[in-house]
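**Student:** In my numbering, the protein residues as written are 1 to 140.
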């Protein structure tokens, strides 16, 4: 996103590049068997920074594309809660749409290994980030 923002505001591009660099450093330090967990506070701060960049430049659609994996993960939890609330009286409280939300936990139950789940998430996120950057460059 910082490349797409560069023609609009170079200060935001530097901020975005520094955020991306810190995330890459965090991911390289935390390879398999993570030793430091980011948690909700860190992820909300990163999401807020991305949203602020999108708000300053008006690039909400590229942000929506780039955030695809996060939207799918959050949607799996939201759908599970809605489904349990709606069907609570009909099918009983024990019947669930997904056995365990969010989606990556469901993949654990289906016997996918954690490194494969992480690799798949990296690949999907990379493709969506490239697509979002392309859309951002075209719309800038």
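Even glycine gets a Cβ: it sits at the ideal position worked out from N, Cα and C.
#1: Closest to residue 19 by C-alpha separation, out of 3, 33 and 32, would be which residue?
#2: Skipping 5 residues on each side, what residues in its chain have a beta carbon closer than 7 angstroms to that of residue 103?
#3: Exposed or buried, which one is residue 110 when buried takes at least 16 other CB atoms within 10 Å?
#4: Is residue 10 buried or exposed, if buried means 16 or more other CB atoms sit within 10 Å of its CB?
#5: Short check: CB of residue 153 to CB of residue 128, under 9 angstroms?
#6: Tell me which same chain residues have a C-beta within less than 7 angstroms of the C-beta of residue 56, skipping the five on either side of it?
#7: Roughly how many angstroms separate the alpha carbons of residue 86 and residue 61, rounded to a whole number?
**Tutor:** Answer, in terms of the structure:
#1: Counting from one through the chain shown, the residue named residue 19 turns up at place 19. Of the candidates 3, 33 and 32, the one whose C-alpha sits nearest the C-alpha of residue 19 is 3.
#2: Sequence index remark: in the chain shown, residue 103 carries index 103 (1-based). Taken in chain order, the residues that qualify are 72, 73 and 76.
#3: Along the chain shown, one-based indexing puts residue 110 at 110. So residue 110 counts as exposed.
#4: Stepping through the chain shown from its first residue, residue 10 is reached at position 10. Flag for residue 10 reads exposed.
#5: What the structure shows of the chain is the stretch from 1 to 140, and residue 153 is not part of that stretch, so it cannot be assessed.
#6: For the purposes of this step, residue 56 is identified with residue 56 of the chain shown, where counting begins at 1. Answer for residue 56: 9 and 12, listed in chain order.
#7: Taking the chain shown and counting its residues from 1, the one referred to as residue 86 is at position 86. Taking the chain shown and counting its residues from 1, the one referred to as residue 61 is at position 61. If I take the Cα positions, the gap works out to 31 angstroms.
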